[in-house]
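Structure first, commentary second.
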Amino acid sequence: MADVSQSGIPLSPYDELPVHQTTRPLSVVANTDPGFDDGYFFGAFCAELSTFLFCGLRVNPNTDLVGGYVGLNRNGRQRTVRFSRTWRELCDTRIGPFGFRIVEPYREIVLTLDQNASGLAMELHWLGLSPAYTEAHHLATHRGRPTTDQTRYVQAGTVAGWISLDDERIEVEPRRWWGSRDHAWGLYFERPPLAPDGRWLPPRAAEGVPRALRFWTLFGATGDDGTTLSGFYAIHEDPDGRQVPMNDTFGTPFEGRFAVGWDDEVVDLVAGRHELTFVPGTRLIAAARIVLTDAADGEWVQTVRPAGPPWVTSTIGYQAGSWRDGGSMRTYHGPGVSLEFDEFDFSVQPVDHELYDGTKQPGLIGKEYVSEVVTTAPDGRTWTGAGHTELFLDGRFSPYGFESQA
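Here's what the structure looks like:
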């Protein structure tokens with residue numbers, strides 16, 4: 014049971030540390046928006062097995078909720094289990110059978126999912142390959158009000174442990190399995206059902222440059238000389254393919270960094286361009302060639318090829334209707350720990366999908382891929398591995414002939 018401060022607000026274990034940024038206990042944030050949250054995403058993936066395990070946890074202090082999820086996509090077959098409970102009763106990174114423990118910051122984090130009704134369980138040691146990278150601050154506004162105001166860092170890793178699905182046990186071995194993660198806090202974009210009702214507000218108005226493309230990869234790889242290369246980059250462009258500052262959740266035109274070893278050789282990236290090919294008639298990636306320029310004008314070439322169908326974020330709980338009661342990770346699902354799960358076949362995409370609130374998602378495609386990644390340095394060194402590749406291609410994007418809003 015948490016101690017209680019004089020104000021009646023529970024004190025958490027974090028309040029023992031000299032890290033406060035306001036005059037209140039750490040469970041109280043300075044921004045009262047219900048969209049303020051703080052939490053994590055972790056990925057563990059193997060291109061050889063066309064398998065991606067994804068999990069996350071987010072705390073919403075202003076609704077007194079913490080929600081999480083664990084999902085496994087194997088060549089398009091996707092099972093996801095979701096969790097929720099009130100937050101201040103136990104300020105901890107555990108929700109029922111799911112939780113994680115920081116053994117050494119940025120170096121080793123243990124992710125666990127105890128046996129439960131979903132048939133999915135795991136114990137994984139997520140191991141950092143290179144230092145975390147703090148992205149440029151995310152800021153977007155609507156009629157002058159910030160709708161995104163968020164800090165995020167990302168990190169590449171490798172993973173060891175096991176995953177079990179029903180009666181099958183999957184061994185997870187480092188350098189065959191690679192990892193991605195991010196930690197973000199602040200305001201993220203408005204998500205119903207806890208977003209303002211547009212009927213009572215002025216019409217939405219264009220503000221700044223919109224984003225159409227987001228190509229993002231976080232990867233790990235092994236070289237012929239036994240070294241590891243890991244890193245991250247993100248390319249953001251408007252509908253005409255321009256890399257300019259945008260009024261969007263992901264508004265930075267380009268950023269990225271590579272590292273050989275933990276930090277034996279650090280490569281700051283300053284520019285990137287892409288050559289994407291698509292599955293005919295779709296916006297699904299078939300292959301990509303990415304050319305990245307470093308601060309010394311050297312060119313790093315990365316080939317990216319999906320190792321299976323992308324996994325679909327509709328099941329992880331972020332949006333209205335992703336929970337069976339029609340709510341989301343940000344809404345209350347009852348006393349105690351709420352747990353539910355589902356399984357869908359996303360092996361053939363696009364696919365018609367329906368959320369639990371009746372919202373239809375016709376022609377749905379995933380945006381999160383496990384990819385085979387080969388990187389060649391300016392001096393000819395080569396590393397082969399796997400990446401978490403994310404492609405958002407929204408609305409018109411003329412460089413590849415996508416002129417419709419679909």
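The sequence shown runs 14 to 419 under this note's numbering.
Where is the CB? At the ideal position from N, CA and C, for every residue including glycine.
Since the structure is predicted, the reported quantities are computational estimates derived from the model, not experimental observations.
Could you tell me the alpha carbon to alpha carbon distance between residue i and residue j, rounded to whole angstroms?
i    : j    : result
G112 : D77  : 18 angstroms
R194 : W324 : 16 angstroms
V116 : H346 : 31 angstroms
P363 : H150 : 33 angstroms
N44  : A390 : 44 angstroms
L406 : M259 : 15 angstroms
R50  : N73  : First, the amino acid is wrong: residue 50 is Asp here, not Arg. Taking the straight line from one Cα to the other gives about 5 angstroms.
T240 : V273 : 7 angstroms
Q418 : A225 : 10 angstroms
W213 : H155 : 15 angstroms
M14  : D105 : Confidence in M14 is poor, its pLDDT being 42 and thus under 50, which makes the residue's placement too unreliable to answer from.
E136 : E220 : 45 angstroms
G393 : W229 : 23 angstroms
F291 : D307 : 27 angstroms
I176 : P215 : 49 angstroms
V304 : T388 : 10 angstroms
W396 : W190 : 15 angstroms
D210 : T262 : 20 angstroms
L207 : E312 : 45 angstroms
A57  : P348 : 31 angstroms
F410 : K380 : 16 angstroms
P31  : G244 : 32 angstroms
I183 : I22  : 43 angstroms
V283 : T147 : 15 angstroms
A197 : G52  : 6 angstroms
E278 : G141 : 16 angstroms
G192 : W139 : 7 angstroms
T36  : E102 : 21 angstroms
F96  : A309 : 47 angstroms
F65  : N86  : 5 angstroms
S351 : T344 : 11 angstroms
W336 : F54  : 19 angstroms
I378 : L297 : 7 angstroms
Per the DSSP calculation, residue i is bridged to which residue(s)?
i    : result
H366 : Q374
L142 : In the DSSP output, where bridge partners are listed per residue, L142 has none listed.
L30  : Bridge partners of L30: none, in fact.
V317 : A301, V386
M135 : L126, I176
H346 : None, per the DSSP bridge assignment.
G269 : Y246
G379 : Beta-bridge pairing links G379 to no other residue.
E288 : R302
L352 : F96
F404 : The sequence as given places Leu at residue 404; Phe does not occur at that position. Looking at the DSSP assignment, L404 forms a beta bridge with F228.
W213 : Bridge partners of W213: none, in fact.
F357 : Q91
F410 : F415
V279 : A272
Just confirm the distance between the C-beta atoms of residue i and residue j, as a whole number of angstroms; I'd bet it's less than 8 angstroms.
i    : j    : result
F415 : T93  : About 29 angstroms; that fails the 8 angstroms criterion.
M342 : R71  : 6 angstroms
P110 : D276 : Going by Cβ atoms, the distance from P110 to D276 rounds to 36 angstroms, so no, they are not a contact pair.
A173 : E186 : 7 angstroms
H249 : G264 : 7 angstroms
S360 : N75  : In fact, because the Cβ distance is near 39 angstroms, the residues do not count as touching under 8 angstroms.
R329 : G84  : It is Ile, not Arg, that sits at residue 329 in the sequence shown. Rounded, the Cβ-Cβ distance is 6 angstroms, consistent with contact.
I122 : G81  : Not a contact, Cβ separation roughly 14 angstroms.
F232 : A169 : 6 angstroms
Among the residues of its own chain, which have a CB less than 7 angstroms from the CB of residue i, if the five just before and after it don't count?
i    : result
S18  : The predicted position of S18 is uncertain, since its pLDDT is 49 and thus under 50; a value taken from the coordinates is nonetheless stated next. Cβ within range, chain order: L24, P38.
Y331 : R204, S341, M342
R188 : T171, T235
T99  : D77, L78
V257 : V222, D251, P266
D237 : T395
D370 : A333, G334, G339
H287 : F228, I248, A301, I303
G408 : A225, P252, Q418
Residues in its own chain within less than 8 angstroms of residue i by CB, not counting five upstream and five downstream?
i    : result
A320 : A60, E61, S63, Y382, V383, S384, E385, A399
E374 : One detail in the question is off: residue 374 reads as Gln in this sequence, not Glu. So the qualifying residues of the chain are S327, D365, H366, E367, L368.
R120 : L140, G141
Give me, in chain order, the residues of the same chain whose beta-carbon lies closer than 6 angstroms to that of residue i; leave out the 5 immediate sequence neighbours on both sides.
i    : result
D179 : G132
D162 : L152, G199, L200
D28  : P38, L39
P412 : G254
Q128 : A134
T402 : T230, V317, Y382, S384
V314 : V304, T389
F67  : G56, G84
Notebook entry, point to check: Whole beta strand (DSSP E) runs in the stretch 151–197 with 3 or more residues, listed along the chain?
Noted result: 151–155, 158–178, 181–185
Next item on the list: Within the stretch 226–260, note down every full beta strand (DSSP E) run reaching 3 residues or more, in order along the chain.
Entry: Within the stretch 226–260, the complete beta strand (DSSP E) runs of at least 3 residues are 226–236, 241–250.
Check: For the stretch 39–126, which segments carrying the beta strand (DSSP E) assignment without a break, of at least 3 residues, lie completely within its bounds, in sequence order?
Finding: 49–59, 64–73, 78–87, 90–99, 111–117, 121–126
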